[in-house]
Structures are given as C-alpha cells and as structure tokens.
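Input: a single structure, listed below in structure tokens.
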C-alpha cells in the first residue's frame, strides 16, 4: 500500500465538505472548520479512516472473503466499475435492488434465469419463439444484466461493503447492517456517521476525490488477494511434494530384517547365545552345602530302624527255657 500524504488529499479536493446549511451535526468531530459557507473536513480523520479500512480489507481479502463496491452516482460509476474489474469483486452501480443481501436466494434465482437466457442466445434455441416473444426475452435479459450483472459472480454474502455516499445508498447500508456485513463509507458532511462501521470523511461528489480514496482501498484488496494466492500456492506445492515423496518411496508391507551375514546380526546372535548359556548354568547349579548335610542326617536316621529290624527277636517261651536251663547246668 502506498503512503498517502495530506498534500495529495488537498490536491484532489478531499477536504471540501457540503454547504454549512446542509451539514449533519453528528459529523462535527470530523470537521476542521468553516470557510466561505463550506465546511472543511479534517484530513487527519480522513487518513485515519483510510488506514483502518485498508487493514480490514487486506485481512478480509487474505482470508478469502469478498468485498462489495457500491456507488450509483453518475460521476462515480466509472470509478466503482474500475475497482470491481481490478479486484475481481462484485459491484453495484445501478439502482440497489431490494433484497440483494436479505433475500439473496431470490437474487440467485434471477441470475440463473440470466444464464438460461444467455444460453438460449448462444445455441440459437431462442429463434424457435415468435418475434414478440424473442423481443420480450431479450428485454428481460438486458434488464437483469443492468441491475444484477455486477454481482453475478457473488456466490455468498460479502465480508464488507464499501459505499460512496451512504446517505444516498440508504437501502444498501440498512441491508448490510442487518446481515452483519461491515460497512465502510466515504461520507460528506451531510451524512450520518452512525450508519457505517468505518468512517472515511471526505468529498463524495468530486470525481478526483472519490478516485483517490477508492484507489487506496483497491490497493489493500489487491495485496490481500495476492497474499491469499501465495498461501494457496504454498499449500498446493506442499501437497504435491508429499504425494511425490509417497510415490517414490512406498511404505513397506512387512518388517525388514537384517541380512544373516551382517556384522550387527552376528553380534546380536552372540549376545543372545551368551545370555541363554548364563541362564542355563544358573538353573543347573547345585544347591548350597546345608542341603547335603541335612540329607546325610536323614539317611542315618532312616538306617537305624533298618539295623534294629535285622537283629533276631527272642520270644517269651525261649526266654523261659533259657532261665530253667541255667540251674540244671550248675
């Protein structure tokens, strides 16, 4: 965006307001003084409003939102048309059709009707009608083109509306406020600043004044659109690079093993074998010495009953016989 100076604003006559008898008292904060029955606009407020509008428009255009340019005055129609062509945004230079924003579905149906009529002209099917009907259809097409041709590419509600002389475009401003659209207005001293969101006080009757202010806003929209194109190009490039990388190196379908003869695999096998040997040796090691001693004791205890059982046992009869035989021997 170019650096606008106060000198350029003065040379374009932006500081000239309306006659003092026609002023709106609510515009007092934007008026510098009075000279020859004319109010002089404070150009500092003008530059402040232009900067605010530029920042907003650049953000909206970068995010992909559309901007609607509105100006139906005879001397500003050409400026609005140039702004629409330069930015690719919708414009309204003829009478504002009621419901353009609040009844957008009906407006879209009229634009579809315009496409049907143009298709009939192209393929020659209109020649099947009578001359009177052909004249009627062509007149309908011209009317729709004149009133709605500037917004035929507008597929949704715009993010912002730029209006030259909001006092004249009262219906457009009212619909925009009702639909939540941000309104940026170039206001003279006879307008109501409360009707718009961003006030740009300035001469809205002079062609040079309107062209200078609109050109500053056009630059902001163009920069925002350029930023959006760069972002989209970067995203497309990243997606293309990702697709190319995925196509060159496909993801493996199973686990990739090392070659049997590789050094790393041999080292891993040796380490695994050593760990298995250590575990086996630990499991096969003999029990502590206390265990064998306990076993010997148990063996001795078990052997004693066996020895006692091997000795002959004397019955009571044999004992009595031995006792009786002892005196006889004596």
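In this note's numbering, the protein residues as written are 392 to 721.
By construction, the Cβ of each residue, glycine as well, lies at the ideal position given by its N, Cα and C atoms.
Legend entry - In DSSP terms, what residue 423 is bridged to: Per the DSSP secondary-structure output, residue 423 pairs with nothing in a beta bridge.
Inset, instruction - Express the C-alpha separation of residue 546 and residue 571 in angstroms, rounding to a whole number. - result: 17 Å
Inset, instruction - Report the residue from 625, 608, 415, 509 whose alpha carbon sits nearest the alpha carbon of residue 451. - result: 608
Inset, instruction - Within the same chain, show all residues whose beta-carbon is closer than 6 Å to that of residue 462, passing over the 5 residues directly before and after it, in chain order. - result: 471, 555
Legend entry - alpha helix (DSSP H) segments (min. 4 residues) lying fully within the segment 507 to 556: 522 to 539
Inset, instruction - Apply the 10 Å Cβ neighbour rule to residue 518 and answer buried if 16 or more other Cβ atoms are within range, or exposed otherwise. - result: With fewer than 16 other Cβ atoms from the protein chains shown falling within 10 Å of its own Cβ, residue 518 counts as exposed.
Inset, instruction - Check whether the segment 489 to 508 touches the segment 536 to 552, taking contact to mean three or more Cβ pairs, one atom from each stretch, closer than 8 Å. - result: yes
Inset, instruction - Identify whether residue 584 lies in helix, strand or coil by the three-state DSSP scheme. - result: helix
Inset, instruction - Could you tell me how far apart the beta carbons of residue 432 and residue 592 are, in whole angstroms, since I believe they sit closer than 8 Å? - result: 5 Å
Inset, instruction - Ignoring anything shorter than 4 residues or poking outside the segment 434 to 459, list the alpha helix (DSSP H) runs there in chain order. - result: 434 to 453
Legend entry - residue 465, DSSP secondary structure in three states: Correct three-state label for residue 465: coil.
Legend entry - Beta-bridge pairing of residue 592 - partner residues as DSSP gives them: 578
Legend entry - Interface flag, residue 497 vs chain B, CB-CB below 9 Å: Judged by its chain identifiers, the structure shown contains no chain B, having just a single protein chain.
Inset, instruction - Please determine, among 415, 449, 525, the residue with the shortest C-alpha to C-alpha distance to residue 618. - result: 449
Inset, instruction - Tell me whether residue 395 sits in a helix, a strand or coil according to DSSP, three-state version. - result: coil
Inset, instruction - Determine, using beta carbons only, whether residue 552 and residue 459 come nearer to each other than 9 Å. - result: yes
Inset, instruction - Look up residue 410 in the DSSP assignment and give the residues it is bridged to. - result: 429
Legend entry - residue 576 CB to nearest heavy atom of the ligand SAM below 8 Å: Absence of the ligand SAM is noted for the structure shown, with no ligands found whatsoever.
Inset, instruction - Determine the DSSP secondary structure at residue 482, reduced to helix, strand or coil. - result: strand
Inset, instruction - Can you have a look at residue 600 and say buried or exposed, based on whether 16 or more other CB atoms are within 10 angstroms of its CB? - result: buried
Legend entry - Residue closest to residue 493, alpha-carbon to alpha-carbon, out of 538, 565, 536, 476: Of the candidates 538, 565, 536, 476, the one whose C-alpha sits nearest the C-alpha of residue 493 is 565.
Inset, instruction - Could you pull out every residue in the same chain whose Cβ sits closer than 8 Å to the Cβ of residue 532, ignoring the five residues on either side in sequence? - result: 505, 508, 509, 512
Inset, instruction - Give the straight-line distance between the Cα atoms of residue 443 and residue 515, rounded to the nearest whole angstrom. - result: 51 Å
Inset, instruction - For the alpha helix (DSSP H) containing residue 560, list its first residue and its last residue. - result: Where residue 560 is concerned, there is no enclosing alpha helix (DSSP H), given that its DSSP letter is neither H nor E.
Inset, instruction - Measure the Cβ-Cβ separation of residue 575 and residue 447 and say whether it is below 9 Å. - result: In contact: residue 575 and residue 447 (Cβ atoms closer than 9 Å).
Legend entry - Residues that residue 573 bridges to, as DSSP identifies them: 551
Legend entry - residue 663, buried or exposed, once every other Cβ within 10 Å from all chains shown has been counted against 16: exposed
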